[in-house]
Amino acid sequence: MESAPQILDASPQWATPVHKNALMQTKLKLPEENAEHDWLMQVVRNREGEGVPLKMGMELHAAGKVGRLPFLHSSNMMRDVLLARDEMIDFSDILGHPENFEFQNQPHATVEKMSESKHSY
């Protein structure tokens with residue numbers, strides 16, 4: 029007695045996530061984003077000692093704290109120079125990442141809100 033061929037159901041209902049935002053809820057994404065940077069810091073630490081990665085980390089932290097007006101976009105040029113990405117062109121330069129987008133606020137409203145918070149009596 030031969031068995032009937034099995035028919036697979038490939039309906040799109042099975043491909044959708046259970047929750048609306050289930051694709052963005054994975055915890056494995058965070059370690060993978062920093063894996064290359066962590067590997068580079070480990071190589072530098074093994075080669076040069078603890079001081080060089082510590083200095084690089086402090087310089088990157090200082091580059092992130094550089095002041096600019098709150099309604100202006102950040103170009104992250106200093107960070108790109110420190111990471112030697114200033115002369116490299118890749119897809120992130122053209123397409124951009126949604127996580128890196130900053131919202132453009134209106135300059136007058138932002139400065140007015142800042143001045144009101146400083147002069148609260």
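If you're matching positions, the sequence shown starts at 29 in my numbering and goes up one per residue. Each residue gets a CB set at the ideal place from its N, CA and C atoms; glycine is no exception.
Residue state for arginine 75 is assigned as helix, using DSSP reduced to three classes.
Boundaries cannot be given for alanine 112, as no alpha helix (DSSP H) includes it and DSSP labels it neither H nor E.
With a cutoff of 8 Å on beta-carbon distance, glycine 95 and arginine 107 are scored as not near each other.
For valine 139, the enclosing alpha helix (DSSP H) stretches over residues 135–146. Lysine 93 carries a coil assignment under DSSP once its states are collapsed to helix, strand and coil. In the structure shown, the three-state DSSP call for leucine 68 is helix. In this structure, DSSP gives methionine 86 a helical state, which the three-state scheme calls helix.
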